[in-house]
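>
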Amino acid sequence: MKPRSLAIRAAGVLALLLVSSCSMESAPSCIDNLDCPLNQRCEDFHCVNFPSIVPTSVVAIEIQPGPVQGSAFTSIPELDLKDPEVDIDELEFEVMPSSRLKGTIDSPFAPGGVPGSVTATRAPAIDSRKLSFNIPVDEAGFFDFEISPSGPAETQDKKNYPYDLVFSPSNRADLPQLGRKGFVVPSGAFALPDLSYPTYPALQDIENQNPILLLRGKVLQSPAYPHPPTGYKIDGITDLGLRTNQVGLDAEGRFWLRLPVLRSSVDPCDGERCFIFPKLITLVIRPESGSARLPTVQISDLAIESFDLGTFFIGDLPPTRMLSGTVTAADGSRLAGGWLFFTADRLGNGSFTFSIQTDTEGSFSTTLPEGGYRVLLLPPETAPARLDSFRLELWQDFLDWQLALPPRLALNGTVRDYQRNPIPEVTVWATRVTDLEGNTDGVVRRWETQTDGLGRFTLALDTGRYNLEFVPPASSRLPRTQKTGFAVSPSTIDFLDVELPPPAFLQGHLFDSLGQPLCGATISFFKADPDRAFLIGETISGDSGTCTGAFTAVIPGILVAP
Numbered sequence: 004m005k006p007r008s009l010a011i012r013a014a015g016v017l018a019l020l021l022v023s024s025c026s027m028e029s030a031p032s033c034i035d036n037l038d039c040p041l042n043q044r045c046e047d048f049h050c051v052n053f054p055s056i057v058p059t060s061v062v063a064i065e066i067q068p069g070p071v072q073g074s075a076f077t078s079i080p081e082l083d084l085k086d087p088e089v090d091i092d093e094l095e096f097e098v099m100p101s102s103r104l105k106g107t108i109d110s111p112f113a114p115g116g117v118p119g120s121v122t123a124t125r126a127p128a129i130d131s132r133k134l135s136f137n138i139p140v141d142e143a144g145f146f147d148f149e150i151s152p153s154g155p156a157e158t159q160d161k162k163n164y165p166y167d168l169v170f171s172p173s174n175r176a177d178l179p180q181l182g183r184k185g186f187v188v189p190s191g192a193f194a195l196p197d198l199s200y201p202t203y204p205a206l207q208d209i210e211n212q213n214p215i216l217l218l219r220g221k222v223l224q225s226p227a228y229p230h231p232p233t234g235y236k237i238d239g240i241t242d243l244g245l246r247t248n249q250v251g252l253d254a255e256g257r258f259w260l261r262l263p264v265l266r267s268s269v270d271p272c273d274g275e276r277c278f279i280f281p282k283l284i285t286l287v288i289r290p291e292s293g294s295a296r297l298p299t300v301q302i303s304d305l306a307i308e309s310f311d312l313g314t315f316f317i318g319d320l321p322p323t324r325m326l327s328g329t330v331t332a333a334d335g336s337r338l339a340g341g342w343l344f345f346t347a348d349r350l351g352n353g354s355f356t357f358s359i360q361t362d363t364e365g366s367f368s369t370t371l372p373e374g375g376y377r378v379l380l381l382p383p384e385t386a387p388a389r390l391d392s393f394r395l396e397l398w399q400d401f402l403d404w405q406l407a408l409p410p411r412l413a414l415n416g417t418v419r420d421y422q423r424n425p426i427p428e429v430t431v432w433a434t435r436v437t438d439l440e441g442n443t444d445g446v447v448r449r450w451e452t453q454t455d456g457l458g459r460f461t462l463a464l465d466t467g468r469y470n471l472e473f474v475p476p477a478s479s480r481l482p483r484t485q486k487t488g489f490a491v492s493p494s495t496i497d498f499l500d501v502e503l504p505p506p507a508f509l510q511g512h513l514f515d516s517l518g519q520p521l522c523g524a525t526i527s528f529f530k531a532d533p534d535r536a537f538l539i540g541e542t543i544s545g546d547s548g549t550c551t552g553a554f555t556a557v558i559p560g561i562l563v564a565p
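Oh and the sequence shown: position 259 is 262 in the numbering used here, straight run, nothing missing.
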């Protein structure tokens, strides 16, 4: 009995060894997540299953085929990944065939064409952004350019999205812009828009025109000094969103502007029915030189009821004053290459802005019209100082103005995964978008850093509101995340603890319009939002060998309770 007992015990041990061996084979060794199957991660040098995760419900998708001829940019405004008919492991996308926009811009004055450019814009892409193409027009007025069609879009109604076309001539002194709205570009075909100018009257016929296409006006310095100002140019923008030609003033201060029109979509058109004419115009009288100490005067929403717009005044101007100074950082070092932006409360009947850059010693010297100013001081991105703003009352010469900028604010934080493990080598981007009050001040800057081995990061930033992006390395198999409108100021900045969401994986294939695999295309996934889209994942279609159009993307997921 004893030998039999030993035999049974030995068999049990052998069975356990076999089970253990099988278990080890089912958990292959690894160094990082890239060594494991897609639905597993690397822990303690062995591949283990992810917890149960489902993807974010609704996404929007943009597909940019790159320099592939015949394939067009394609947007899918909404895809519900929880729809039972959507297989997230076998997604199939097909890009639309490209179209070509082709035509000629003829001169209204003489035989031949007009050079310039056509801007073709349509909506929607994903959110309020526009899909836009800038199309060159050669010296003969000819253009031929590959663009995306108006549709069909990947929506239930298969709706088309027509283009708005705007032609801008190279020589703005002679001709205004020319537009057309609601132009549908068919898929995979040539589109031939009719973009032709109306016949403009000669200057001597200005009183006999119908409809009004030529405007006249006069600009003088002021009622107290009724003489033409020098160094000015003038143009206008109409209620149709198009600009007139841009001209100077003659010896008496007069100007003539040709009105832009919209080409009608009526086909065929005849005479005036070919055009839509503006009813309002906003005049902009601006200095010819950006360095001139002169105001820009804007007269808004003038009714186009007569060819004669009347007389407009620049306003009385104050004397100029000397201004000089030096800019230093908090550590006392002089800031070379910094910019000072001056915005006057008012100058004459208009507005005035001026900028100057500090020299290699951090010094500046200039002249400005007398008055009150808002000053924005912007140091170089590499300087140990942050931007600041001041109030300047310049009523007399002000020399040797000493400006000291405070140091940038340190934003410290840690990036962890959804299990609270720190993640190294995460790329952190901070993009400044507005000031602290949410107002656009024209300062858009982007800083970048990476997390260290403990997931920690530090960024030295200006005051303002930021969009923060956190992009983990591919080896982590974790999705990116972002924070928007993040306030950075001495009173609001704090340690930032960032948690990356759990990963959900999307797999599939991309094809062109003929059903052939498409490789090298960028596929971007967004959180669907009608006002603003947030990028949550991005990948490139392709294969290491023969092109199959295969792609794998990581997007944020949601943990499912067991």
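Glycine residues also receive a C-beta, built at the ideal position from the N, C-alpha and C atoms. These figures come from a predicted structure and were not determined experimentally.
1. Using a threshold of 9 Å, state whether the C-beta atoms of A388 and G340 are closer than that.
2. Give, in chain order, every unbroken run of the beta strand (DSSP E) that is at least 3 residues long and sits entirely within the segment 496–537.
3. Determine the direct distance from the alpha carbon of V429 to that of F355, and round the result to whole angstroms.
4. DSSP on N415, reduced to helix/strand/coil?
5. Return the Cβ separation of T329 and S366 in integer angstroms, given the expectation that the two are a contact with Cβ distance under 8 Å.
6. Determine the direct distance from the alpha carbon of L195 to that of L206, and round the result to whole angstroms.
7. Who are F1's beta bridge partners in DSSP?
8. Would you give the residue range spanned by the beta strand (DSSP E) that R459 belongs to?
9. Out of L217, P189, A192 and G191, which one is the CA nearest neighbour of T202?
10. Ignore the nearest five residues each way along the sequence and tell me which others in N52's own chain have a CB closer than 6 Å to its CB.
11. What three-state label does DSSP hand A477 in the structure shown?
12. Pick out whichever of T551, V57 and T495 has its Cα sitting closest to the Cα of L624.
13. Bridge partners of N470, per DSSP?
14. Starting from the Cα of S3, find the closest Cα among D500, Q72 and R535 and give me that residue.
15. Can you list, in chain order, the residues of its chain with a C-beta nearer than 7 Å to that of S26? Leave out the 5 residues immediately preceding and following it.
16. Take T346 and list the residues in its own chain whose beta-carbon comes closer than 7 Å to its own, dropping the five residues that flank it on each side.
17. Could you work out which residue in G416, T555, R246 and V491 is closest to E440 when comparing CA atoms only?
18. Strictly by DSSP, which residues pair up with R219?
19. Please name the residue or residues paired with S131 in a DSSP beta bridge.
20. In terms of DSSP beta bridges, what is C45 paired with?
21. Using 9 Å as the threshold, is the C-beta distance between L94 and Q510 below it?
22. Measure how close the beta-carbons of L243 and G182 come, nearest whole angstrom, since I'm counting them as under 8 Å.
23. In whole angstroms, what separates the C-alpha of W432 from that of Q485?
24. Quick check: K526 and A477, are their CB atoms within less than 9 Å of each other?
25. What three-state label does DSSP hand R3 in the structure shown?
26. Here's the rule: buried if 16 or more other CB atoms are within 10 angstroms of the residue's CB, otherwise exposed. What is S78?
27. For R468 versus N415, is the C-beta spacing smaller than 9 Å?
28. Based on Cα-Cα distance, which residue from S151, I66 and L408 lies nearest to E97?
29. Measure the Cβ-Cβ separation of R435 and V501 and say whether it is below 9 Å.
30. Judging by CA-CA distance, which residue of E255, V447, L178 and G523 is the nearest neighbour of Q249?
31. Is the separation between the beta-carbon of T331 and that of L320 shorter than 9 Å?
32. S327 bridges to which residues according to DSSP?
33. What span of residues does the beta strand (DSSP E) with R289 cover, start to end?
34. In this structure, what does DSSP give as the bridge partners for G375?
35. Please check the pair S131 and T124, which I expect to be a contact at CB under 8 Å, by giving their CB distance rounded to whole angstroms.
36. Among V187, G313, E149 and S267, which has the Cα closest to the Cα of R219?
Working from what's here:
1. Taking the first residue of the sequence shown as position 1, residue 388 is located at position 385. Taking the first residue of the sequence shown as position 1, residue 340 is located at position 337. Contact flag unset, no.
2. Listed in chain order, they are 499–502, 506–514 and 525–530.
3. Residue 355 sits at position 352 when you count from the first residue of the sequence shown. Residue 429 sits at position 426 when you count from the first residue of the sequence shown. If you take the alpha carbons of F355 and V429, they lie about 44 Å apart.
4. The residue given as residue 415 occupies position 412 in the sequence shown. The three-state secondary structure of N415, taken from DSSP, is strand.
5. Along the sequence shown, read from residue 1 onward, the residue named residue 329 stands at position 326. Along the sequence shown, read from residue 1 onward, the residue named residue 366 stands at position 363. The pair is a contact, with the Cβ atoms about 5 Å apart (cut-off 8 Å).
6. Taking the first residue of the sequence shown as 1, we reach residue 206 at position 203. Taking the first residue of the sequence shown as 1, we reach residue 195 at position 192. L206 and L195: Cα-Cα distance of roughly 33 Å.
7. One cannot answer for residue 1 here, as it falls past the ends of the chain, which runs 4 to 565.
8. On the sequence shown, residue 459 is found 456 positions in, with the first residue counted as 1. Where R459 is concerned, the enclosing beta strand (DSSP E) stretches over R459 to L464.
9. Here residue 202 refers to the residue found at position 199 of the sequence shown. Residue L217 is the option with its Cα nearest to T202.
10. Residue mapping note: residue 52 aligns to position 49 of the sequence shown, counting from 1. Q43, listed in sequence order.
11. Sequence index remark: in the sequence shown, residue 477 carries index 474 (1-based). Annotated three-state conformation of A477 is helix, per DSSP.
12. No answer is possible for residue 624: it lies beyond the span of the chain, which begins at 4 and ends at 565.
13. By one-based count along the sequence shown, residue 470 stands at place 467. Within the DSSP secondary-structure output, N470 pairs in a beta bridge with T434.
14. There is no way to answer for residue 3, as the model of the chain reaches only from 4 to 565.
15. What you label residue 26 is simply residue 23 of the sequence shown in a count that begins at 1. Here S26 scores only 40 on pLDDT, less than 50, and its place in the model should not be relied on; the value that follows carries that caveat. Shown here for S26: not one same chain residue has a beta carbon closer than 7 Å to its own, the five before and five after excluded.
16. In the sequence shown, the residue the question calls residue 346 occupies position 343. Here the set comprises T356, Y376 and R377.
17. For the purposes of this step, residue 440 is identified with residue 437 of the sequence shown, where counting begins at 1. The shortest C-alpha to C-alpha distance from E440 to any of G416, T555, R246 and V491 is the one to V491.
18. Locating residue 219 in the sequence shown gives position 216, counting from the first residue. Paired residue(s): W259 and D311.
19. As a working mapping, residue 131 is identified with position 128 in the sequence shown. By DSSP's assignment, S131 forms no beta bridge with any residue.
20. Counted from its first residue, the sequence shown places residue 45 at position 42. Looking at the DSSP assignment, C45 forms a beta bridge with C50.
21. Translated into the one-based positions of the sequence shown, residue 94 becomes position 91. Translated into the one-based positions of the sequence shown, residue 510 becomes position 507. One thing to note: L94 has its Cβ within 9 Å of the Cβ of Q510.
22. The residue labelled residue 243 in the question sits at position 240 within the sequence shown. The residue labelled residue 182 in the question sits at position 179 within the sequence shown. Yes, L243 and G182 are in contact; Cβ-Cβ is about 7 Å, under 8 Å.
23. Walking along the sequence shown from the start, residue 432 turns up at place 429. Walking along the sequence shown from the start, residue 485 turns up at place 482. W432 and Q485 have their C-alpha atoms some 9 Å from each other.
24. Position 523 of the sequence shown, counted from the first residue, corresponds to residue 526. Position 474 of the sequence shown, counted from the first residue, corresponds to residue 477. The sequence as given places Ile at residue 526; Lys does not occur at that position. Not closer than 9 Å, so no.
25. The first residue shown for the chain is 4 and the last is 565, placing residue 3 beyond what the model contains.
26. For the purposes of this step, residue 78 is taken as the residue at position 75 of the sequence shown. Classification of S78: buried, given that the 10 Å Cβ count is 16 or more.
27. Your numbering for residue 468 matches position 465 in the sequence shown. Your numbering for residue 415 matches position 412 in the sequence shown. In this structure, R468 lies away from N415, with their beta-carbon atoms at least 9 Å apart.
28. Stepping through the sequence shown from its first residue, residue 97 is reached at position 94. It is I66.
29. Locating residue 435 in the sequence shown gives position 432, where the first residue counts as 1. Locating residue 501 in the sequence shown gives position 498, where the first residue counts as 1. R435 is not a Cβ neighbour of V501, given a cutoff of 9 Å.
30. By 1-based counting over the sequence shown, the position of residue 249 is 246. Q249 has its Cα closest to that of L178, out of E255, V447, L178 and G523.
31. As a first step, residue 331 must be located in the sequence shown, where it is residue number 328. As a first step, residue 320 must be located in the sequence shown, where it is residue number 317. Between T331 and L320, the C-beta gap is not smaller than 9 Å, which leaves the two residues out of contact.
32. Here residue 327 corresponds to residue number 324 of the sequence shown, with the count starting at 1. Beta-bridge pairing by DSSP links S327 to S368.
33. What you label residue 289 is simply residue 286 of the sequence shown in a count that begins at 1. DSSP places R289 in the uninterrupted beta strand (DSSP E) bounded by L283 to P290.
34. Translated into positions along the sequence shown, residue 375 becomes position 372. G375 is bridged by DSSP to E396.
35. On the sequence shown, residue 131 is found 128 positions in, with the first residue counted as 1. On the sequence shown, residue 124 is found 121 positions in, with the first residue counted as 1. At roughly 12 Å, the Cβ-Cβ gap does not stay under 8 Å, so S131 and T124 are not in contact.
36. Residue numbering aside, residue 219 sits at position 216 when the sequence shown is read from its first letter. Considering only alpha carbons, the answer is G313.
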